[in-house]
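I have placed the structure first, in the form of structure tokens, so that the comments after it can refer back to it.
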Amino acid sequence: MKSGKQNGGACIELRDISKTFPGGHQALKKVSLTVRRGQTVLVIGPSGSGKSTLLRCICGLEEVDSGSIRLDGRELTGQPGLRDRMRPELGMVFQAFNLFPHLSVLENLTLAPIRVRGRKKAEAESLARELLLKVGLADKAGARPAQRSGGQQQRVALARALAMNPKVMLFDEPTSALDPEMIGEVLAVMRDLADEGSTMLVVTHEIGFAREAGDELIFMDEGEIVEQGRAPDFFERPRTERARLFLDKILY
Amino acid sequence: MLVFLAAALGWLAWRVLVDFKYDWQWADIPQYILHRDSGGRFQLGTLGQGLALTLRLSVWASALGLALGLGLALARLGASLYLRLAARSLVELSRNIPPLVLLLVAFYFFGAQALPWPRLAAFIRDCGPGVQWLAEAATVRLGDLDVFFPAVAALAIYEAAYFSEIFRGAIQAADRGQWEAAWCLGLSRLQQYRLIVLPQVFRKTAPQLAGQFISTLKESSVVSVLSLAELTYSSMKLAATIHHLFEIWLTAAAMYFIFNFLLSLLFARLERA
Ligand SMILES: Nc1ncnc2c1ncn2[C@@H]1O[C@H](COP(=O)(O)OP(=O)(O)OP(=O)(O)O)[C@@H](O)[C@H]1O
Ligand SMILES: [Mg+2]
Numbered sequence: 000m001k002s003g004k005q006n007g008g009a010c011i012e013l014r015d016i017s018k019t020f021p022g023g024h025q026a027l028k029k030v031s032l033t034v035r036r037g038q039t040v041l042v043i044g045p046s047g048s049g050k051s052t053l054l055r056c057i058c059g060l061e062e063v064d065s066g067s068i069r070l071d072g073r074e075l076t077g078q079p080g081l082r083d084r085m086r087p088e089l090g091m092v093f094q095a096f097n098l099f100p101h102l103s104v105l106e107n108l109t110l111a112p113i114r115v116r117g118r119k120k121a122e123a124e125s126l127a128r129e130l131l132l133k134v135g136l137a138d139k140a141g142a143r144p145a146q147r148s149g150g151q152q153q154r155v156a157l158a159r160a161l162a163m164n165p166k167v168m169l170f171d172e173p174t175s176a177l178d179p180e181m182i183g184e185v186l187a188v189m190r191d192l193a194d195e196g197s198t199m200l201v202v203t204h205e206i207g208f209a210r211e212a213g214d215e216l217i218f219m220d221e222g223e224i225v226e227q228g229r230a231p232d233f234f235e236r237p238r239t240e241r242a243r244l245f246l247d248k249i250l251y
Numbered sequence: 000m001l002v003f004l005a006a007a008l009g010w011l012a013w014r015v016l017v018d019f020k021y022d023w024q025w026a027d028i029p030q031y032i033l034h035r036d037s038g039g040r041f042q043l044g045t046l047g048q049g050l051a052l053t054l055r056l057s058v059w060a061s062a063l064g065l066a067l068g069l070g071l072a073l074a075r076l077g078a079s080l081y082l083r084l085a086a087r088s089l090v091e092l093s094r095n096i097p098p099l100v101l102l103l104v105a106f107y108f109f110g111a112q113a114l115p116w117p118r119l120a121a122f123i124r125d126c127g128p129g130v131q132w133l134a135e136a137a138t139v140r141l142g143d144l145d146v147f148f149p150a151v152a153a154l155a156i157y158e159a160a161y162f163s164e165i166f167r168g169a170i171q172a173a174d175r176g177q178w179e180a181a182w183c184l185g186l187s188r189l190q191q192y193r194l195i196v197l198p199q200v201f202r203k204t205a206p207q208l209a210g211q212f213i214s215t216l217k218e219s220s221v222v223s224v225l226s227l228a229e230l231t232y233s234s235m236k237l238a239a240t241i242h243h244l245f246e247i248w249l250t251a252a253a254m255y256f257i258f259n260f261l262l263s264l265l266f267a268r269l270e271r272a
């Protein structure tokens, strides 16, 4: 449990965001949520509850139908230009890694800083090497991503997102595609990030991680935030029937 | 069925080997591919030069066809309805018109009417012998430019239809996660194509593109109707003068075959590397 940094200002503020997919399914129903600077917020919930959709709406991969999304106090909805410029401020880590297979590990990390941020190549590379060191892959800079294990690929993807120095990191089930023995190495890096005071919004199925890594836990079901609070409270004293059902299913 | 096939083959062999009264004269043929001039240097003969021109035609047509094909594929996948329709129309046109007819249209339109080829030739000549030599080495005798480029254009348009289908399929099949990751990192649409998706598409489609290049080499024989001295026309002309029909056409066939076959082996090799 982290302490002493819950007082940061709002980094992401969602107010009543709703999203209905073309098929008619409403994936988000008036969701409101604030992630403060330096805070790690974890999101759990059954499959299809709208967790991925929530992250995708925040980073802009999906458009919301209504509601407001603020990043550092600036409204992003209805502002295509600003939304576009803010894309790199939202570092997304995908379940499937989505590394660029035709580039080396190092190039995966330097591409966007050079092309989007306009960094010098040498500068971008030294930052990239620092980040690789941080995720424990300093010796893999020249390798192709496909030659690495899933756990290593996800750590590269994490470093790639960090290389843009985003205001907030969004994780969509970063360990769900991994073999069990590799989950730990990815979670360890995420834990380090959280301890360093990164702002993170993490969708996860890892209950152990959800229990103790975040400042705040959110339980979603059917497109709504059903419970929100401190993780120990949620796991020991769920207040709603839906949460109890969910916990029964995953804990036993 | 097998018996029938065997009988047919046997009859054919008998026709060719026994019944066939033909005075084979192979000795003259190699000099038409390659010979030594009076100074002892190797020179390409009529057929050798023909193959060289076929190759230049195909390289130009494929290069332009690739670029046009990529443009068509992007237009067909793009947001503009107008561009989508235009690209679709061009692809359908070139897929449903025989290459020979396409060639003649291109020749009478671009060659005879629309573009000032003689002036271009004069311009290149004025640039000096170095430039002229380079231009002729890359294309054809300056006097034939008015045939060469319409021929290249027709072949390029014809091939572009196929290239565009290859590209379109591969772009559509590209992993959605690649687009999304690139998008989230802030890359523009153009950068997403140029830096992420297209490099992967080129890699994945390389075997098909190579195959299409070989098919261009074969297809380029239609250019012979414009009296441009590529391999097929050279063979026709040679056959008309020295009358060794079988030898010449078998040689031409062998030259096409060997060249294309070696090329396909080379491509297969490169692809594995
Ligand atoms: N592109 C889409 N088109 C139509 N419906 C979609 C689309 N994406 C998601 N949905 C639907 O929206 C709902 C929420 O999906 P979402 O992926 O956000 O759930 P999730 O909580 O991330 O689930 P999981 O734990 O399985 O990843 C689901 O019912 C899903 O079928
Ligand atoms: Mg999901």
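Chains as they are written, first to last, in numbering that gives the first Met the number 0: chain A, 0 to 251; chain B, 0 to 272. Note that beta-carbon positions come from the ideal geometry of N, C-alpha and C, so glycine has one too.
Straight-line Cα distance separating A/V167 from A/R36: Rounded to the nearest angstrom, the two C-alpha atoms are 8 Å apart.
Under the three-state DSSP convention, the category A/T39 falls into: Three-state DSSP puts A/T39 in a strand.
As assigned by DSSP and simplified to three states, the class of A/Q227: Of the three classes helix, strand and coil, the one that applies to A/Q227 here is strand, per DSSP.
A/M18 CB to nearest heavy atom of ligand 2 below 6 Å: At residue 18 of chain A the sequence reads Lys, which differs from the Met that was named. Not so, every heavy atom of ligand 2 lies at least 6 Å from the Cβ.
Contact list for A/R86 against chain B, beta-carbon separation under 8 Å: Ordered by position in chain B, the residues that pass the 8 Å Cβ test against A/R86 are W182, C183, L184, G185.
Separation of A/C56 from A/R69, as counted between CA atoms: One alpha carbon belongs to A/R69, the other to A/C56, and they sit about 12 Å apart.
8 Å Cβ shell around A/E124 - same chain, five flanking residues per side excluded: Excluding sequence neighbours, A/E124 sits near L105, T109.
Range of the contiguous alpha helix (DSSP H) that encloses A/C56: Unbroken alpha helix (DSSP H) run through A/C56: 50 to 58.
Same chain, Cβ closer than 8 Å to A/A158, five either side skipped, listed in chain order: Within the same chain, and ignoring the five residues on either side of A/A158 in sequence, the residues whose Cβ sits closer than 8 Å to its Cβ are L108, A127, L130, L131, K133, V134, L136.
Cβ-based neighbour list, B/L80, same chain, cut-off 8 Å, excluding 5 preceding and 5 following: Counting only residues of its own chain and dropping the five nearest sequence neighbours on each side, B/L80 has no CB closer than 8 Å to any other CB.
Cβ of B/P115 within 7 Å of any chain A Cβ: No, B/P115 lies away from the interface with chain A (no Cβ there is under 7 Å from its Cβ).
Within chain B, partners of A/F20 - CB distance below 8 Å: In chain order: nothing, as chain B lies at least about 15 Å away.
Beta-carbon spacing of B/T231, B/S220 below 7 Å: Their beta carbons are under 7 Å apart, which means B/T231 touches B/S220 by this criterion.
Cβ shell of A/L244 (< 8 Å), same chain only, five flanking positions each side left out: In the same chain as A/L244, and ignoring 5 residues on each side of it, no C-beta atom comes closer than 8 Å to its own.
A/S48 CB to nearest heavy atom of ligand 2 below 6 Å: Checking the Cβ of A/S48 against ligand 2 gives no.
A/S175: CB within 6 Å of a non-hydrogen atom of ligand 2: Using a cutoff of 6 Å, the CB of A/S175 does not count as near ligand 2, since none of the ligand's heavy atoms is closer than that.
Proximal residues to B/F41 (C-beta, below 7 Å), its chain only, five neighbours per side dropped: Here the set comprises L33, R35.
Expected contact under 8 Å - CB spacing of B/E229 and B/G49 to nearest Å: Rounded to the nearest angstrom, the Cβ distance from B/E229 to B/G49 is 5 Å, consistent with a contact under 8 Å.
Start and end residues, beta strand (DSSP E) containing A/G90: Note, A/G90: beta strand (DSSP E), 89 to 92.
Per-residue contacts from A/P100 into chain B (C-beta, under 8 Å): The answer, in chain order, is Q199.
Cβ of B/Q131 within 7 Å of any chain A Cβ: Not closer than 7 Å to any Cβ of chain A, the Cβ of B/Q131 fails to qualify, so no.
Chain B residues whose Cβ lies nearer than 7 Å to that of A/C58: Here the neighbours are C183.
Span of the alpha helix (DSSP H) around A/D83: 79 to 85 is the extent of the alpha helix (DSSP H) around A/D83.
Boundaries of the alpha helix (DSSP H) in which B/T45 is found, first to last residue: From DSSP, the alpha helix (DSSP H) with B/T45 extends over 45 to 76.
Short Cβ contact (7 Å threshold) for B/S57 with B/L216: For B/S57 and B/L216, yes; Cβs fall inside 7 Å.
Backbone CA spacing between A/I16 and A/V225 [nearest angstrom]: Going by the C-alpha atoms only, they are around 15 Å apart.
DSSP-derived helix/strand/coil call for A/M255: Summary: the structure shown does not reach residue 255 of chain A, with chain A confined to residues 0 through 251, and so no result is reported for it.
Beta-bridge partners of A/E12, as assigned by DSSP: Looking at the DSSP assignment, A/E12 forms a beta bridge with A/T33, A/R69.
Cβ-Cβ distance between B/L68 and B/A159 below 7 Å: Per the sequence presented here, residue 68 of chain B reads as Gly, with Leu not at that position. The Cβ-Cβ distance between B/G68 and B/A159 falls below 7 Å.
Closer than 7 Å to chain B by CB, A/M189: Cβ-Cβ to chain B under 7 Å: no for A/M189.
Closest by C-alpha distance to A/M85, when choosing among B/S233, B/G185, B/I123, B/F162: Ranking the options by Cα distance to A/M85, first place goes to B/G185.
Residue of B/F245, B/L208, B/W178 minimising C-alpha distance to A/F96: When only C-alpha atoms are compared, the closest one is B/W178.
Any non-hydrogen atom of ligand 1 closer than 6 Å to A/G183 Cβ: Checking every heavy atom of ligand 1 against the Cβ of A/G183, none is found closer than 6 Å.
Length of the line joining the Cα atoms of A/L75 and B/L208: Going by the C-alpha atoms only, they are around 43 Å apart.
Unbroken stretches of the alpha helix (DSSP H), 4 residues or longer, contained in the stretch 168 to 199 of chain A: Every alpha helix (DSSP H) stretch that sits fully inside the stretch 168 to 199 of chain A and reaches 4 residues is listed by chain position as 179 to 194.
Burial state of B/A121 (16 or more Cβ within 10 Å): Exposed.
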